[in-house]
Amino acid sequence: MRLRLAALSLALLPLAACSAQDGDKDADANASDVPSVTQPTETTEQPTTGPDGGDDGDGGDGGGGAPQATTIVEGLEVPWGIDFLPDGDAVVTERDSRRVLRVTPEGEVTEVGEIDGSTSGGEAGLLGVAVSPDFDEDRLVYLYVTTEEDNRILKAELDGDELAEPMVVLAGIPQGFIHDGGRLAFGPDGHLYASTGETGTPDLAQDPDSLGGKILRITTDGEPAPGNPDPDSEVWTSGHRNVQGLAWDEADRLWASEFGDSTWDELNRIEKGGDYGWPQVEGAGGGGELVDPQVVWRTDEASPSGLAYADGHLWMAGLRGERLWRIEVTEDGEAGTSRAFLAGEHGRLRTVVAAPDGSLWLTTSNQDGRGEPAPGDDRILRVTP
Ligand SMILES: [Ca+2]
């Protein structure tokens, strides 16, 4: 582990660049430099509710095969990251409160810590979480956190219901009021992948010396992972605007969902060293050295954050689109037909992850400053594919 002190000049971009699409609230930077953790304050019981809608989707599904959604937990505030522990409980982060929660499959919520040094405001805050593949031995969870200086990846031991002081894994990822990326996931290769945003400064996406607008691939100590395109760089792919979804299919191909600017959101198949076009191209049409997306959607239909793979399909959660997209993946690794479910039924949808029992956990994001919270928001929903 090391503290990387590069890129101080990238701290705290001007706040005027808030886009109409995915920026939202005023910044309230209030953090100290080094995030620390506050110990748990309470445990709350969250009764599991029954089916809450009989959701048939809006994809013209006349019957059969439409995913059903039930509420696991309600009363959360902008749940952002979810990953699962070996015992089946989930670790859940809340973006603005900066709380780290442990949630059982039955919906019992325990606060295990709070990341005090995290700045929230706009799209920043406590974002992604990934549980160590060796959790039974090392007890580590990885967190993607915005501070006043940067976005950084931390790791902390989770012992039962108590999160220890975090340690810095990788610092110096540009931060901003918007486009902070933030998804963390361990790949089938055992390395940690992180999606970053260009923070409203599009040229960062093409700057090989910036960690912004990239997908990073690092070791658990924050070093460039063996086999990276540049052995001295954490960068795996570049030319991204704001990736917030990462998922591997059953052939271990990596997929990423990406916010477009004003026209095209993207689903990309991620190949080592690829340049995905931003800011030269939004959507398809790059040609040459630029990798085109596999699927695009209008931003009012998607504005995607989380991405998961389950039941032979990719599943993508739409914020502005307020729907859950299901995307076919062919055997040769092409994205096929996509179809929407749950449109408008639960408001903004942020994160979707595959749970150990084969279901999907799906979060609402109606408390994020751009939604219209319903009683009980925000929620974690269980969706059975
Ligand atoms: Ca692109």
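Residue numbers (mature numbering (1 follows the signal peptide of the UniProt record, and there is no 0)): -20 to -1, 1 to 365. Don't be surprised by glycine CBs; every beta carbon is placed ideally from N, CA and C. None of these values were measured; they are calculated from a predicted model.
Linking Trp235 to Thr317 through their CA atoms gives a straight-line distance of about 15 angstroms. By the 16-neighbour rule on beta-carbons within 10 angstroms, Ala297 is buried. Within the DSSP secondary-structure output, Val109 pairs in a beta bridge with Leu123. For Gly180, the shortest separation between its Cβ and any heavy atom of ligand 1 does not lie below 6 angstroms.
When DSSP assignments are scanned along the stretch 163 to 208, the uninterrupted stretches of beta strand (DSSP E) that are 3 or more residues long and fall wholly within it turn out to be 164 to 166, 172 to 175 and 195 to 198. Within a 10 Å sphere around the beta-carbon of Asp348 sit 16 or more other beta-carbons, which makes this residue buried. Approximately 5 angstroms separates the beta-carbon atoms of Thr99 and Thr126; this is inside 8 angstroms, confirming the contact. Leu65 places its beta carbon 7 angstroms or farther from that of Val109. Distance from the CA atom of Val92 to the CA atom of Arg79, rounded to whole angstroms, is 8 angstroms. Rounded to the nearest angstrom, the Cβ distance from Arg330 to Trp60 is 7 angstroms, consistent with a contact under 8 angstroms.
Relative to the Cα of Phe239, the nearest Cα in the group Ala231, Arg221, Gly253 and Glu230 belongs to Arg221. Three or more pairs of CB atoms, one per stretch, sit closer than 8 angstroms, so the stretch 182 to 192 contacts the stretch 208 to 218.
Across the structure, Ala46 and Ala323 are spaced so that their CA atoms are roughly 12 angstroms apart.
Considering only Gly177, Glu128, Glu214 and Glu352, the residue with the shortest C-alpha distance to Trp258 is Gly177. In the displayed model, Glu308 falls within a strand according to three-state DSSP.
Looking at the DSSP output, Trp244 sits in a beta bridge with Arg278. Tyr256 has its Cβ nearer than 6 angstroms to a heavy atom of ligand 1. Assignment of Asp118 by DSSP, reduced to helix, strand and coil, places it in the helix class. Between the stretch 134 to 151 and the stretch 191 to 202 there are three or more inter-stretch CB-CB distances shorter than 8 angstroms, so the stretches are counted as touching.
Residue nearest to Asp69 within the set Asp160, Ile195, Glu230 and Trp341 is Trp341 (criterion: CA-CA distance).
With fewer than 16 other CB atoms across the displayed protein chains lying within 10 angstroms of its CB, Lys252 is exposed. When beta bridges are read from the DSSP output, Ile133 appears opposite Tyr124 and Leu150.
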